[in-house]
């Protein structure tokens, strides 16, 4: 395993490069050679120069992890069955660790009748996983994998509960409006904006794992700017609040 800068990386460009290097025909329109999927400059090149291929890779990424077959993927992308099969094979060869993990989950579901997310304490019953009906067994295997992925979305709900509790405890003029994927949107009075920014960052970076203590503050490097949002970095809550207050004075 290689440690990469995930804050600057991009899973879809990463897949583009790997499929190109594997010789997958659809991605041979990428003209550059010797691309490295762990090189941030190469990742940025794909993002800027090949948006259509990156879009195809995005569809592959999201579809594959939720159990799509070659026929359905080909239909979604307007390709032949053979092309869909080649793309899925390329995805799983790129993400062999994920493939092995899903296979272990499906095996556990068949042998034990349930799958579990250990660090959240969640469990999904899978009584049909060992069914003689291939359709039922396949559906159960997909459910076990989907549960493993989607179960972690519950962390966002835990973050919102924590955030609303802190807002109430501190008597702040802040309202949690909505969440979109892993982002939380707040409405705050100007006087409480600095605190809203810090609390939101804390809520979205707390571990929220079973039997783990909450972090008092997130490491400075965790505060990543997402979709044009503001980035707050500092070594303490006080420093972050001061930065936002200084920004308010200037704006």
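In my numbering, the protein residues as written are 26 to 276. No residue lacks a Cβ here, since even glycine has one placed at the ideal position from N, Cα and C.
Pairwise C-alpha distance: residue j and residue i
i	j	result
residue 187	residue 199	14 Å
residue 197	residue 217	6 Å
residue 178	residue 143	15 Å
residue 52	residue 41	7 Å
residue 248	residue 106	Bear in mind that a pLDDT of 37 at residue 248, under 50, signals an unreliable position, so the number given afterwards is only what the model happens to contain. Approximately 43 Å, taken between the alpha carbons.
residue 160	residue 72	38 Å
residue 57	residue 82	17 Å
residue 96	residue 109	7 Å
residue 162	residue 131	10 Å
residue 84	residue 225	30 Å
residue 195	residue 227	15 Å
residue 30	residue 65	Note on residue 30: pLDDT 40, under 50, position unreliable in the model; the coordinate value appears next. The alpha-carbon atoms of residue 30 and residue 65 are separated by roughly 8 Å.
residue 80	residue 62	17 Å
residue 176	residue 120	20 Å
Host alpha helix (DSSP H) of residue i (start-end)
i	result
residue 219	218-230
residue 52	Looking at the DSSP string, residue 52 is not in any alpha helix (DSSP H), and its letter there is neither H nor E.
residue 166	159-175
residue 213	Careful: residue 213 lies outside any alpha helix (DSSP H), inside the beta strand (DSSP E) at 208-213.
Cβ separation of residue i and residue j, assumed to be a contact under 8 Å, to the nearest whole Å
i	j	result
residue 78	residue 98	15 Å between Cβ atoms; not a contact.
Cut-off 7 Å between Cβ atoms - residues of its own chain near residue i, not counting five sequence neighbours on either side
i	result
residue 202	210, 211, 212
residue 152	138
residue 133	140
residue 75	41, 55
Beta-carbon contacts of residue i that lie in its chain and below 8 Å, excluding the five residues immediately before and after
i	result
residue 91	167, 170, 171, 174
residue 164	153
residue 270	219
Beta strand (DSSP E) segment containing residue i, residue limits
i	result
residue 199	199-205
Residue i: CB within 7 Å of a non-hydrogen atom of the ligand PLP
i	result
residue 213	What this structure holds is no ligand at all, so the ligand PLP is not there to describe.
Neighbourhood of residue i by C-beta, 6 Å cutoff - its chain only, sequence neighbours within 5 removed
i	result
residue 274	none
Neighbour-count burial assignment, residue i, 16 or more Cβ in a 10 Å radius
i	result
residue 205	exposed
residue 214	exposed
residue 39	buried
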